[in-house]
Ligand SMILES: CC(C)(COP(=O)(O)OP(=O)(O)OC[C@H]1O[C@@H](n2cnc3c(N)ncnc32)[C@H](O)[C@@H]1OP(=O)(O)O)[C@@H](O)C(=O)NCCC(=O)NCCS
Ligand SMILES: CC(C)(COP(=O)(O)OP(=O)(O)OC[C@H]1O[C@@H](n2cnc3c(N)ncnc32)[C@H](O)[C@@H]1OP(=O)(O)O)[C@@H](O)C(=O)NCCC(=O)NCCS
């Protein structure tokens, strides 16, 4: 009845007032937080500058020091050397101005992930996303190769590729501004791949297109298969490193991880290098095709160059990564 | 000398400790804020549910009430009616789960802008971005129309269009999840436009392409010209509404704004409608072309349908918007 409704309303109204108060408190704390953010950012910038100004004076002064003084200085210099890493980790929790690409695509929205868990969750999601699309691409390449030979389906396949690579560049930029150490080349490699797929999209159906089609589809199939292997290796790495409680700065106690990583890597590397040489082969084939008298399409040379760029970047970056891991 | 360096180092070390403490305090407050966020979100969800459960009981109960009781109920119902708006505004400052599109493109990164100023700044940036690209597109369309007639330049133009529309859909999704009231159609319209430009990209150069090329470029030129007008109208609206201190819930004291808006709108509308009918005309031309015996390209029908969809959506949405503004 009426009395009951009124009671319900009053309890609701009470709760509502509470909610309002919580919201007010929340917005107040939010402001405090953004003030603290600003002062942290300013302090770190100032510290960086002062440290940078100090180094040359130390070097100059060292020549006229007693050995005891020099010892003290060494200690100080060791501390100074560690600071950049500490600042890098502090900054992972502070908002940053977006880089040019994110500013163009997203505008100046803040995409900092403010806790370790959300960073991990975001990285996991990125890996799962890649896995998911990789499986779709595998099926797609298989379909185009063996089931339907239709230019419209090829177009859809290439559209998906363009979209996928564009998305990856966005997500990777977000990861980087949240403290991931992805090498710049892997991101750039996705820009090049997006351009390559975009050019494939505009390649009109004809004799030359049909000449290259099967090779391209087989290559795509292989590439996505390698991505599956890469996924298992990389998510294994992530999982084990988190279990160890740290991602960067590995030390000797993680010998178990190291040996797992090396086994994974030695399994993976032959497949990767085979893929790189396939890219080289694609590039060379396309350049040979461009010499044919019937070749009038600019797409041939354009795709060929992209493949060569991909080959060189992938091959040498992978070599560098492996070399650095080996030295550690 | 050494003593000086040591003093400098001590002062630096002091500042460093302070920075560390600020950062610690910051991360602690951050956690408090995220707890408050969660409890606000939970409280609003609960309130919504309880309000929803209450409405039918009120309706049922009303039939057996005295007139005094009924009056009280009316008052309560008036309060209940306002709540959704209040919750909507509260939620604009709380993180939300991203919608499907943003989840696909960005993943689950939080893109809530947490203050009125940053919301305004983001909207301004969005408008400036549109203005900037519109000017580039105008120049591009002009170049293609009168200066260089090269398929590669057309391809670049269409690539820019695809990228631009894709970017707009991302930014608009961000705006919407930050409390903007953009109609769903305007976002969808950018998806359709992106698809249209993507299909134009794959249209091989040939007789039919050349038949449609000039018409398409002229249309692009006109459309971007209208966008310029639209920019001046919409940024004028935004600017004036902010000066009034509120965006939604306009009331009678803003008669000055209303009259400005109507003058702007009556100036703009003829240009808009002319653009819509040009879209209809494009669609019809393409369908006529698809009847020609030499037409083998699927792109013709696809582009034609996109233009018809654009015409219908734009035309009817604009009519609805104007009608609603008029009723207010
Ligand atoms: C060589 C390779 C296996 C090394 O992987 P790794 O052991 O994870 O390398 P690192 O330790 O240098 O990783 C540093 C960071 O970059 C990320 N990363 C490394 N390679 C990446 C790639 N190709 N794409 C995206 N992210 C990558 C890692 O996840 C890690 O991220 P984090 O800092 O957020 O934890 C890997 O780079 C790779 O697979 N490259 C080959 C890609 C290729 O050639 N593809 C074409 C095949 S046909
Ligand atoms: C009709 C029109 C002028 C009305 O604009 P308006 O007065 O700003 O409309 P509303 O009051 O409904 O705006 C509500 C919100 O949607 C936004 N909005 C309206 N139309 C938009 C559009 N076409 N694109 C993006 N955002 C739009 C407004 O900026 C406002 O945002 P806010 O809530 O963040 O402040 C506008 O919708 C328009 O120009 N549409 C025609 C577009 C078109 O047909 N283009 C093709 C031409 S060839």
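Chains as they are written, first to last, in the numbering used here: chain H, 779 to 1106; chain F, 779 to 1106. No residue lacks a Cβ here, since even glycine has one placed at the ideal position from N, Cα and C. Every value quoted in this text rests on a predicted model; they were computed, and no experiment measured them.
- Residue 1046 of chain H places its beta carbon less than 8 Å from that of residue 1011 of chain H.
- The C-beta distance from residue 937 of chain H to residue 979 of chain H rounds to 7 Å, short enough to meet the 8 Å contact threshold.
- Each residue's CA atom was taken as its position, placing residue 790 of chain F and residue 1058 of chain H some 53 Å apart.
- The continuous alpha helix (DSSP H) containing residue 1014 of chain F extends over residues 985 to 1021.
- When CB distances to chain H are screened at a threshold of 7 Å, the residues of the stretch 931 to 952 of chain F falling below it are 933, 937, 945, 948, 949 and 952, in chain order.
- Around residue 982 of chain F, the beta-carbon contacts reaching into chain H at under 8 Å are 982 and 983.
- Among the CB atoms of chain F, one or more fall inside 8 Å of the CB of residue 885 of chain H.
- In this structure, residue 1060 of chain H sits away from residue 1094 of chain H, with a CB-CB distance that is not shorter than 8 Å.
- Pairing residue 783 of chain H with residue 836 of chain F gives a Cβ-Cβ distance under 8 Å.
- In this structure residue 993 of chain F touches residue 1063 of chain F by the C-beta definition: roughly 7 Å separates them, less than 8 Å.
- Within chain H, not a single residue places a beta-carbon under 7 Å from that of residue 856 of chain F; the smallest gap is close to 12 Å.
- Spanning the alpha carbons of residue 1098 of chain F and residue 1105 of chain F requires a straight line of approximately 11 Å.
- Secondary structure of residue 922 of chain H (DSSP, three-state): helix.
- Put simply, the CB of residue 801 of chain F is near chain H, with a gap under 8 Å to one of its CB atoms.
- Per DSSP, the continuous alpha helix (DSSP H) segment holding residue 1040 of chain F begins and ends at 1033 to 1068.
- The count of Cβ pairs closer than 8 Å, one atom from the stretch 895 to 913 of chain H and one from the stretch 874 to 885 of chain F, reaches three, so the stretches are in contact.
- From the listed residues F:843, F:948, F:893 and F:960, the smallest Cα separation to residue 969 of chain F is found for F:948.
- Assigned with DSSP and collapsed to three states, residue 897 of chain H falls in helix.
- Going by DSSP, residue 932 of chain H is part of the alpha helix (DSSP H) stretching over 929 to 955.
- Chain H places a beta carbon closer than 8 Å to that of residue 835 of chain F, counting this residue as a contact.
- Residue 841 of chain F sits in coil when the DSSP states are folded into three classes, being neither helix nor strand.
- Between the alpha carbons of residue 851 of chain H and residue 863 of chain H lies a distance of about 20 Å.
- Around the beta carbon of residue 878 of chain H, a 10 Å sphere encloses fewer than 16 other beta carbons of the protein chains shown; the residue is thus reported as exposed.
- For residue 922 of chain F, there are no C-beta contacts with chain H under 7 Å, since the nearest C-beta of that chain is about 15 Å from it.
- About 7 Å separates the Cβ atoms of residue 1067 of chain H and residue 990 of chain H, confirming a contact at the 8 Å cut-off.
- Judged by DSSP in its simplified three-state form, residue 789 of chain F adopts helix.
- Against residue 904 of chain F, the close residues of chain H are 885, in the order they occur along the chain (beta-carbon pairs closer than 8 Å).
- In this structure, residue 958 of chain H has its CB closer than 7 Å to one or more heavy atoms of ligand 1.
- Assignment of residue 889 of chain F by DSSP, reduced to helix, strand and coil, places it in the coil class.
- When DSSP states are grouped into helix, strand and coil, residue 858 of chain H belongs to the helix group.
- Distance from the C-beta of residue 1015 of chain H to the nearest heavy atom of ligand 1 is below 7 Å.
- In this structure, residue 1074 of chain F keeps its C-beta atom at 8 Å or more from the C-beta atom of residue 1005 of chain F.
- Excluding residues up to 5 positions away in sequence, 1046 lie with their Cβ nearer than 7 Å to the Cβ of residue 1008 of chain F in the same chain.
- With 16 or more other CB atoms across the displayed protein chains lying within 10 angstroms of its CB, residue 950 of chain F is buried.
- At least one heavy atom of ligand 1 lies less than 7 Å from the C-beta of residue 1092 of chain H.
- Residues of the stretch 820 to 835 of chain F with a Cβ closer than 8 Å to any Cβ of chain H, in chain order: 821, 822, 824, 825, 828, 829, 832 and 835.
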